[in-house]
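K.L.:
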Amino acid sequence: MVLLESQNIKIGIQFENFNLEDTEGNRVDCNESYGKNGCIIIFTCNHCPYAIAVWSRLIAIAEWAKSQEINTLAINPNINPHYPEDNVENMKDLVKKRNLPFPYLIDINQEVAKKYKAQCTPDIYYISGERKLFYHGRLDDDWQNEKKVTHESLKEAIQLYLDKKEAPKDQKPSMGCSIKWL
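Set out below in structure tokens:
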């Protein structure tokens with residue numbers, strides 16, 4: 050396991066649209082997945098301890114965001130034969146076990162992760178309703194222990210957008226296991 054931080058990406062950029070399959074074989078077009086106020090995109094996986102530690106919090110923020118007309122997409126770029134925990138069958142199990150309220154997408158060729166310059170799992174992006182990067186960073190200030198969280202970075206950034214304020218200047222990077230590049 051190699052610990053990495055997310056890259057610094059210029060706020061305000063637009064990413065290319067993508068179209069990936071979910072765990073049931075349905076095609077999901079990101080352009081059609083935006084809510085009125087945007088979309089949270091999370092590069093994640095099944096095996097990384099950092100990703101595992103925040104799944105329940107990601108689900109909670111996705112449910113809150115949905116009430117704010119923001120949708121969520123999770124993308125697994127780790128479909129790699131050396132990491133069988135991240136294969137599609139295990140993704141299906143995770144969707145059922147956690148009752149995911151958002152699609153868990155398969156980035157089989159890692160093309161979307163590369164376009165987004167994703168580095169680690171989880172690597173978290175909030176794309177505004179105008180389809181521009183508003184936030185790229187950590188979920189909160191304590192990946193290990195939900196009870197010790199004092200700063201919900203992603204939620205606070207989204208609230209700034211909803212309040213028609215500027216993106217946070219100090220966006221702390223996400224950190225986690227390296228993406229398992231093919």
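Under our numbering, read the sequence shown as residues 50 to 231, first letter to last.
Backbone N, C-alpha and C define an ideal beta-carbon position, used for all residues, glycine too.
(1) Output needed for E134: all residues of its chain with C-beta closer than 6 Å, excluding positions within five of it in sequence on either side, in chain order.
(2) Within 10 angstroms of its Cβ, does H131 collect 16 or more other Cβ (buried), or is it exposed?
(3) Between L154 and L69, which are expected to be in contact by the criterion C-beta below 8 Å, what is the C-beta distance as a whole number of angstroms?
(4) Is it true that the segment 204-223 meets the segment 138-154, where meeting means three or more beta-carbon pairs spaced less than 8 Å apart?
(5) Decide yes or no for the touch test of the segment 207-216 against the segment 177-190: beta carbon pairs closer than 8 Å, at least 3 of them.
(6) Leaving out the 5 sequence neighbours to the left and right, which residues in its chain are closer than 7 Å to A114 when beta-carbon positions are compared?
(7) Taking the Cβ atom as the reference point for each residue, do S55 and S177 lie within a distance shorter than 7 Å?
(8) What is the DSSP secondary structure of K198, counted as helix, strand or coil?
(9) Kindly list the residues whose CB is nearer than 7 Å to the CB of A167, restricted to its own chain and excluding five residues on each side of it in sequence; keep chain order.
(10) Would the beta-carbon of N86 fall within 7 Å of that of Q117?
P.N.:
Straight from the coordinates:
(1) Within the sequence shown, numbered from 1, the residue matching residue 134 stands at position 85. These residues qualify, in order along the chain: N95, H96.
(2) For the purposes of this step, residue 131 is taken as the residue at position 82 of the sequence shown. Looking at its Cβ environment, which holds fewer than 16 other Cβ atoms inside 10 Å, H131 is exposed.
(3) Taking the first residue of the sequence shown as position 1, residue 154 is located at position 105. Taking the first residue of the sequence shown as position 1, residue 69 is located at position 20. That belief holds up - the Cβ atoms of L154 and L69 are roughly 4 Å apart, short of 8 Å.
(4) no
(5) yes
(6) In the sequence shown, the residue the question calls residue 114 occupies position 65. The residues are I89, T121, I207.
(7) Here residue 55 corresponds to residue number 6 of the sequence shown, with the count starting at 1. Here residue 177 corresponds to residue number 128 of the sequence shown, with the count starting at 1. Their beta carbons are not under 7 Å apart, which means S55 does not touch S177 by this criterion.
(8) Position 149 of the sequence shown holds residue 198. Residue identity differs from the one stated: residue 198 is Val in this sequence, not Lys. Residue state, collapsed to three classes: coil.
(9) In the sequence shown, counting from the first residue as 1, residue 167 sits at position 118. If we look at A167 and ignore the five residues flanking it on each side, its Cβ neighbours are F92, P126, I228.
(10) Translated into positions along the sequence shown, residue 86 becomes position 37. Translated into positions along the sequence shown, residue 117 becomes position 68. Yes. Within cutoff.
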